[in-house]
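Take a look at the structure set out below.
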Amino acid sequence: MKFRFLKIMGYEAKRIFRNKVIFVMLLVFAIVMIVLLFFVQSADMNYVAAVYNESLSEEQAQEMVTVIEEGIGARVVFVDSDEAGMDMAKRAQAVFYIRLEKGAKEKDPPHATLYYDAANRMNWALARDLKDDRTKIAYDEVLEYLKSWGIKLNTAYFETVQIEPLTKKYTLLQMPFAEEIAACVCLILMLGIAYSFARDRETNVSKNVAYIPIGHHTYFMSKLIPYFILGMLEMLILCVIGSNLMKIGFETNLFLVWIISGVFVSAVLSLGLLFSTMRSQISTVFLGMMSMLLPLFVDMLVVTAALPTFVRVLLCCLPVTPFLALFNGMVYNGVILWQYIPILAAQSVGYYFAALLIVKRGERV
Amino acid sequence: MLEVKGLYKSYGKKAVLRGVDLEVRDGEIKGLIGVNGAGKSTLIECVCGVKKADAGEILIFGKNNADRKARKEIKSSIGYMPQTFRLFNDLTVAENLRYLCAVYGLPKERSLDVMKTCHIESEAKVLAGDLSGGYRQLLSMAGALIHSPKFLIMDEPTAAMDPIFRREFWNILRDYKKGGATFLVITHYFEELVECDSFVCLAEGKAAFNGSIAEFKQDGMLNIEQILNKYSFLRE
């Protein structure tokens, strides 16, 4: 009985890595994808900012955008909206979000919440600006502007303290590194593990498990652990590429970033396991894709922290959301947002046991 | 060895087993025959503890398989050979058996013995997915024998086999029986019942016939259709 679990896991690992082509694809795909995206994004450094500023037609701009101030090669704009939701004040490349309640401006005094999301970086251009004191100046200017406008500032979501440790290591080649890592890891691991279980179900191997003395935990874990090791290996390679090839300034020790990313990898795997319990392959793939794309898209469009609470709670159920905040906070600001670690850990455990429950419910009926 | 008393099982409103009684004595080969949908596989699933019976009792080695702890012990001591191949296509024959050795906590050398028993040593390094239908079933059989069980349940083991492999299969089974093992074999082939000491014919969720092939012939019956006709009243 010695090392029983390790032996079983060894054979599961053999099954994954037997097909050399697939194994290389699993590992190399993430690296190729991240390098490719890096070159695409760094090809035109003004691309992201240009789209942001120039996507509005002149007419729309006149209607919606008020240029508050222009100076030192930067400007503060206020995107006006009568509806409840998010307005944006943008000072140069630094993005501030002002969330107004409906009719907030008519209130006396008007109320607004200012979000400066230090952890959830919008684009590389923001990081470029963060490298000097202009962000602090911009922040103060926005505050002044709000005051002059009669808006009582509620709070900055991430307090000014997070603006303080600005790094001098930022390069001009910043990119949405965390988003790309999240996409790679999710694509490979979540779909990989979901496919692995679905394949066993299709070939009736999982049925056989009910007839032999192998527990669910042993069966699940023997599959999950090799994928976890693969995920951690991939994460390490991606971090090393980011740090060395892309010259992304890691504000936190790379090894620490890698270790903490482990909770994300396990959350992704548990969610993949849960999706694999779906009866059809198509629903497994669809759910896998959505769980990855939804938080990525949301984060590209708005700062998640500035969204209404119920949306944030929903998004926090998907591993990508807390990972982006955690990873960006660590890498770009040297801040470990500890609150996201238990969220990811809870996802790992929760999704695992949810999958276990579904599998057990399907048995012995 | 196995005692099934008044077993009932239904899926929704459809009653599949309607009070099945069955006894398999130590050292015998018991056949189980019946048309598709007669409830053979459901009966096996209930016996193996994979499905929960609505009513009735199943005793294996004198232990009631409704008890969770007993079920765990039963699972470790019986051998099950499924109708379709359920081992890993992407592992070799030897690796599949070594995997099962790990599951049962046996030394990996046991895989060599069982490969010899089932005459598949020549295929040891072949991926299970590349095996012919006959060899796959022999590998399944080897998997069921890996922990030297005293009681084997086989669900249509020869369904995918040609006559040569089928003969091979029965030879292996007979050799293994010499060690005192007991078998419950589901089959669709009437001629295979000759190999069994006795058999049960399931019809409409009940044991329509329970006896030896000699008794069966004494009743003047020659094939399964005649049993079904004789016991057609069970449908009512």
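As you go down the protein sequences, you meet chains S and D in turn. The numbering used here puts the first residue of the first sequence at 215, with every later residue one more than the last. The numbering used here puts the first residue of the second sequence at 29, with every later residue one more than the last. Quick reminder that beta carbons are idealized off the backbone N, C-alpha and C, glycines included.
Partners in chain D for S/A424, counting only beta-carbon separations shorter than 7 angstroms: The answer, in chain order, is V78.
field: Nearest-angstrom Cβ-Cβ length linking S/V477 and S/I555, presumed shorter than 8 angstroms
entry: 6 angstroms
- request: Could you work out which residues of chain D lie near S/P440, taking near to mean beta carbons separated by less than 7 angstroms?
  value: Neighbours of S/P440 on chain D: none; closest Cβ ~13 angstroms, over 7 angstroms.
message: Please state whether the Cβ-Cβ distance between S/L444 and S/L220 is less than 8 angstroms.
response: no
- prompt: Using a C-beta to C-beta distance shorter than 8 angstroms, which residues of chain S count as neighbours of D/E123?
  reply: Y225 and K228
message: Which residues in chain D have a C-beta closer than 7 angstroms to the C-beta of S/I572? List them in chain order.
response: Taking the beta carbon of S/I572 as reference, no residue of chain D falls within 7 angstroms; the closest one sits roughly 17 angstroms away.
field: Among D/V32, D/I88 and D/R202, nearest to D/E220 - alpha-carbon criterion
entry: D/R202
message: Out of D/L45, D/N124 and D/G208, which one is the CA nearest neighbour of D/K79?
response: D/L45
- prompt: For the candidate residues S/G576, S/H430, S/I474 and S/T535, whose alpha-carbon lies nearest to that of S/A397?
  reply: Out of S/G576, S/H430, S/I474 and S/T535, S/T535 has the C-alpha closest to the C-alpha of S/A397.
- request: Pull up the DSSP beta-bridge partners for D/A231, would you.
  value: D/K234
- request: Report the residues of the stretch 95 to 106 of chain D with a CB closer than 8 angstroms to any CB of chain S, ordered along the chain.
  value: K100, K103 and S104
query: Do the CB positions of S/E577 and S/P440 come within less than 8 angstroms of each other?
result: In this structure, S/P440 does not lie closer than 8 angstroms to S/E577 by Cβ.
message: Could you give the first and the last residue of the continuous alpha helix (DSSP H) run that contains D/F179?
response: Premise fails: D/F179 lies in the beta strand (DSSP E), F179 to D183, not in any alpha helix (DSSP H).
- prompt: Going by DSSP, what residues sit across from D/A43 in a beta bridge?
  reply: Looking at the DSSP assignment, D/A43 forms a beta bridge with D/S38.
query: Taking just the CA atoms, how far does S/V482 sit from D/I192?
result: 49 angstroms
- prompt: D/V131 touches chain S at which residues, Cβ-Cβ below 7 angstroms?
  reply: I222, I426, P427 and I428
query: So, is the C-beta of D/N92 closer than 8 angstroms to a C-beta in chain S?
result: no
query: Looking at the structure shown, is S/V249 part of a helix, part of a strand, or coil, going by DSSP?
result: helix
task: Could you have a look at D/S226 and say whether DSSP puts it in helix, strand or coil?
output: strand
query: Where does S/L570 fall in DSSP's three states?
result: Residue state, collapsed to three classes: helix.
message: Just to confirm, is the Cβ distance from D/L71 to D/V121 under 8 angstroms?
response: Taking the C-beta atoms as reference points, D/V121 is found no nearer than 8 angstroms to D/L71.
query: Hey, how far is the Cα of S/D294 from the Cα of S/V512?
result: At S/D294, the pLDDT of 44 sits below 50, so the modelled position is not reliable; the number obtained from the coordinates is stated separately. Computed Cα separation, rounded: 20 angstroms.
query: At which residues does the beta strand (DSSP E) containing D/I106 begin and terminate?
result: I106 to M109
task: Have a look at D/D54, D/Q165, D/G47 and D/E123 and flag the residue whose alpha-carbon is nearest the alpha-carbon of D/S226.
output: D/D54
- request: Find out if the Cβ-Cβ distance for the pair D/W198, D/E232 is shorter than 8 angstroms.
  value: no
Three or more C-beta pairs below 8 angstroms linking the stretch 559 to 576 of chain S and the stretch 179 to 187 of chain D: no
query: With burial defined as no fewer than 16 other Cβ atoms inside 10 Å of the residue's Cβ, what is the status of D/E123: buried or exposed?
result: D/E123 is buried by the Cβ-count criterion.
query: Bridge partners of S/E416, per DSSP?
result: According to DSSP, which records beta bridges pairwise, S/E416 is partnered with nothing at all.
- request: Compare the C-alpha of S/L470 against each of S/F434, S/I455 and S/F541 and name the closest.
  value: S/F541
query: Apart from the five residues just before and just after D/G34, which ones in its own chain have a Cβ nearer than 8 angstroms to its Cβ?
result: G47, V48, D49, A83, G84 and E85
message: When you compare the CB of S/T381 with every CB in chain D, is at least one pair closer than 8 angstroms?
response: Because the pLDDT of S/T381 is 30, which lies under 50, any placement of that residue in the model is unreliable, and the number read from its coordinates should be weighed accordingly. The beta carbon of S/T381 sits no closer than 8 angstroms to any beta carbon of chain D.
field: Three-way DSSP call (helix, strand, coil) for D/K91 in this model
entry: DSSP, read as helix, strand or coil, puts D/K91 in strand.
Min CB distance D/R114 to chain S below 8 angstroms: Output row for D/R114: interface = yes.
message: Please state whether the Cβ-Cβ distance between D/A156 and D/L180 is less than 8 angstroms.
response: no
query: Whose C-alpha, out of S/I395, S/I407 and S/K421, is nearest the C-alpha of S/K456?
result: One detail in the question is off: residue 456 of chain S reads as Gly in this sequence, not Lys. S/G456 has its Cα closest to that of S/I395, out of S/I395, S/I407 and S/K421.
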